[in-house]
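Chemist: Have a look at this one.
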Amino acid sequence: MDGRIAVLPGDGIGPEVIEAAVEVLEAVARRWGHRFHLETGFLGGCAYDRFGTPLPEETLELCRRSDAVLFGASGGPKWDHLTGEDRPERALARLRKEFDLFVNLRPIRARRCLAPVLPVKERIIGEGLDFLILRELTGGVYYGQPRGIVLERGQRRGFDTMSYTEEEVRRIVREAFRLAQRRRKKVTSIDKMNMLESSRLWYDVAREVAAEFPDVELDHLLVDAAAMVIVQNPARFDVIVTTNIFGDILSDEAAVLVGSLGMLPSASYGSERFGLYEPVHGTAPDIAGKGVANPIAAILSVALMLRHTFGLEREAQAVEAAVDAVLEAGFRTPDIRQEGCQTVGTRAMTQAILEALSDQAN
Ligand code: IPM
Ligand code: MG
Numbered sequence: 098m099d100g101r102i103a104v105l106p107g108d109g110i111g112p113e114v115i116e117a118a119v120e121v122l123e124a125v126a127r128r129w130g131h132r133f134h135l136e137t138g139f140l141g142g143c144a145y146d147r148f149g150t151p152l153p154e155e156t157l158e159l160c161r162r163s164d165a166v167l168f169g170a171s172g173g174p175k176w177d178h179l180t181g182e183d184r185p186e187r188a189l190a191r192l193r194k195e196f197d198l199f200v201n202l203r204p205i206r207a208r209r210c211l212a213p214v215l216p217v218k219e220r221i222i223g224e225g226l227d228f229l230i231l232r233e234l235t236g237g238v239y240y241g242q243p244r245g246i247v248l249e250r251g252q253r254r255g256f257d258t259m260s261y262t263e264e265e266v267r268r269i270v271r272e273a274f275r276l277a278q279r280r281r282k283k284v285t286s287i288d289k290m291n292m293l294e295s296s297r298l299w300y301d302v303a304r305e306v307a308a309e310f311p312d313v314e315l316d317h318l319l320v321d322a323a324a325m326v327i328v329q330n331p332a333r334f335d336v337i338v339t340t341n342i343f344g345d346i347l348s349d350e351a352a353v354l355v356g357s358l359g360m361l362p363s364a365s366y367g368s369e370r371f372g373l374y375e376p377v378h379g380t381a382p383d384i385a386g387k388g389v390a391n392p393i394a395a396i397l398s399v400a401l402m403l404r405h406t407f408g409l410e411r412e413a414q415a416v417e418a419a420v421d422a423v424l425e426a427g428f429r430t431p432d433i434r435q436e437g438c439q440t441v442g443t444r445a446m447t448q449a450i451l452e453a454l455s456d457q458a459n
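Residue numbers (this note's numbering): 98 to 459.
Here you go:
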C-alpha cells in the first residue's frame, strides 16, 4: 500500500502525541511493507504565528494532495484574544467543511482493566463497553447562518442558527445504520425534538432512514436524558447518531467511561476514503511540553486511519491490540494513574506500544 499523509501536529500537546502516532505508523509500514509518504504542515495557533492565519492556503493544498490527514490539536491561551476566523479552532471547523467530512466517528471502548480509575462504578463498565458515537460534523449550529454579535437598543446580542437539511441528516443517519449492520444492529438517535425544529426534522428523517434498514433497530433519546443514560447504563448503546453540538458534548462525557479524554480517537470522513484523524482531546496547555501527555488517543486515531482510508483492517487491529496489551500490562500515563500500576510519560508509553506491536506481529 502506498499512501500520502498530511501531518498537522498543531498546538499544545499536539506535536508530542503526533510524534508518537507517527512512530507507530512507521512501525506498521515497516512490518507490513507499506509506503506512507508523510508531509508536515501548519494548522491552528502555530500557523497563525507563522502565516498570520490559522489555516494557510498551503496547508489546504497539502491536505488536497493527501489521502489522509493526521491532526493533533489547535488553540491555547496564547491565541485566546483572537476572534472570528482568526481563532485556531475555526481553522479546524473550516477544514472539516472544506472536505465535506460530515461523519465524525468516536469509538467508545471502556476496558475492564481501567475500571478502578473511573469515576463511575465498576459495574457500569461490566466486562467492558464498546459503542460508537457518530457525530454530524459539517452542519447544525456550528455552521448555520445567520450568526453574529450585534448592537441592539444599546446592548449586544449574540446569536447562532441551528439548521439541518433533510439530506444532511439522511447521510449521517445512513452511515450510522451501515455501521450498526456490522455490529449489534442497534442505532440510537439523539436529538431535542420536544423543543427544537431542527431536531424534529432530525427525528423524522431518522425514522425514514430506519425503514431502509429492516435488520437494524432504531430508538430515540432526548439529549438531556441521553446525558444521564451515558453514565448510568451505557451498555444499552451500540451506535449513537446525533447532531454536531450534541455529539461534541456527549463525546466528552463518554470519555469518562474510557478513563480519560487522552484515550479517545476520532475519524472524520465524507463519502470518500479521504479522512481527517485526530485525538478528541484538545491542546492541554497545562501539560504541554512536559512529556506526560497520553499518546493513546493519537495512536488509536492512526488505527482508524489504517482502517478507513487505507482499508488495512489487520494492521488497524494490531495497533488496537498493542494498546490493549500495554494497558493490561499496567502501563499508565498520569491522566489514568492507578495504584499498583507503573506511571510513565509519553515516550515510555509509546515505546511500550511499539514493543507490543512488534511482539504480536511476530
Ligand atoms: C472537538 C472539539 C472541536 C469541536 C473544537 C476544538 C472546534 O471540541 O473536536 O470535539 O467543538 O468540534
Ligand atoms: Mg469537543
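We put the CB at the ideal spot given by N, CA and C, even for glycine.
Reducing DSSP to helix, strand and coil, say where residue 337 ends up.
Modeler: Residue 337 falls in the strand class under three-state DSSP.
Chemist: Looking at the structure shown, is residue 371 part of a helix, part of a strand, or coil, going by DSSP?
Modeler: Here residue 371 sits in coil by DSSP.
Chemist: Give me the pocket residues for the ligand MG, defined as CB within less than 6 Å of any heavy atom, sorted by chain position.
Modeler: In chain order, the hits are 345 and 349.
Chemist: What do you reckon, are the CB atoms on residue 193 and residue 151 nearer than 8 Å?
Modeler: No, Cβ-Cβ distance for residue 193 and residue 151 is not below 8 Å.
Chemist: Relative to the ligand IPM, is the shortest distance from any of its heavy atoms to the C-beta of residue 241 smaller than 7 Å?
Modeler: No - the ligand IPM has no heavy atom lying nearer than 7 Å to the Cβ of residue 241.
Chemist: Using a threshold of 7 Å, is the CB atom of residue 277 nearer than that to any non-hydrogen atom of the ligand IPM?
Modeler: No, Cβ of residue 277 sits at least 7 Å from all heavy atoms of the ligand IPM.
Chemist: Comparing alpha-carbon positions, which option in 124, 166, 114 and 106 lies nearest residue 144?
Modeler: For residue 144, the nearest C-alpha among the options comes from 106.
Chemist: State yes or no: is the beta carbon of residue 147 nearer than 8 Å to at least one beta carbon in chain D?
Modeler: You won't find chain D in this structure, because it holds only one protein chain.
Chemist: Measuring alpha carbon to alpha carbon, tell me which of 390, 147 and 419 ends up nearest residue 431.
Modeler: Cα-wise, what sits closest to residue 431 is 390.
Chemist: For residue 366, which of helix, strand or coil comes out of DSSP?
Modeler: Note: residue 366 maps to strand in three-state DSSP.
Chemist: With C-beta atoms as the reference, is residue 380 less than 8 Å away from residue 172?
Modeler: Closer than 8 Å, so yes.
Chemist: Select from 436, 184 and 409 the residue whose C-alpha is nearest the C-alpha of residue 130.
Modeler: Ranking 436, 184 and 409 by Cα distance to residue 130 puts 409 first.
Chemist: With DSSP collapsed to three states, give me the class of residue 390.
Modeler: In the structure shown, residue 390 sits in coil (DSSP, three-state: anything other than H, G, I, E or B).
Chemist: Compute the Euclidean distance between the alpha carbons of residue 340 and residue 306, then round it to the nearest angstrom.
Modeler: Each residue's Cα considered, the two are about 16 Å apart.
Chemist: Quick one: using the 10 Å Cβ neighbour count with 16 as the cut-off for buried, is residue 246 buried or exposed?
Modeler: When all chains shown are included, residue 246 counts as exposed.
Chemist: Give the single residue among 265, 241, 264 and 138 whose Cα lies nearest to the Cα of residue 257.
Modeler: With distances taken between Cα atoms, residue 257 lies closest to 241.
Chemist: Starting from residue 136, trace the beta strand (DSSP E) both ways and give me its first and last residue.
Modeler: Run containing residue 136: 132-137, per the beta strand (DSSP E) assignment.
Chemist: According to the neighbour-count rule (16 or more other Cβ atoms, all chains shown, within 10 Å of its Cβ), is residue 368 buried or exposed?
Modeler: Exposed, by the Cβ-count rule.
Chemist: Based on the DSSP output, what are the partners of residue 101 in its beta bridges?
Modeler: According to DSSP, which records beta bridges pairwise, residue 101 is partnered with 134.
Chemist: Under three-state DSSP, which class holds residue 284?
Modeler: Note: residue 284 maps to strand in three-state DSSP.
Chemist: Could you tell me the alpha carbon to alpha carbon distance between residue 383 and residue 174, rounded to whole angstroms?
Modeler: Cα-Cα distance, rounded: 10 Å.
Chemist: In terms of DSSP beta bridges, what is residue 440 paired with?
Modeler: Residue 440 pairs with 429.
Chemist: State the beta-bridge partners of residue 202 as determined by DSSP.
Modeler: According to DSSP, which records beta bridges pairwise, residue 202 is partnered with 231 and 364.
Chemist: Who are the near neighbours of residue 135 in its chain, counting only those whose CB is closer than 6 Å to its CB and skipping five residues on each side?
Modeler: Answer for residue 135: 102 and 104, listed in chain order.
Chemist: Based on the DSSP secondary-structure assignment, which residues constitute the bridge partners of residue 221?
Modeler: According to DSSP, residue 221 bridges with nothing at all.
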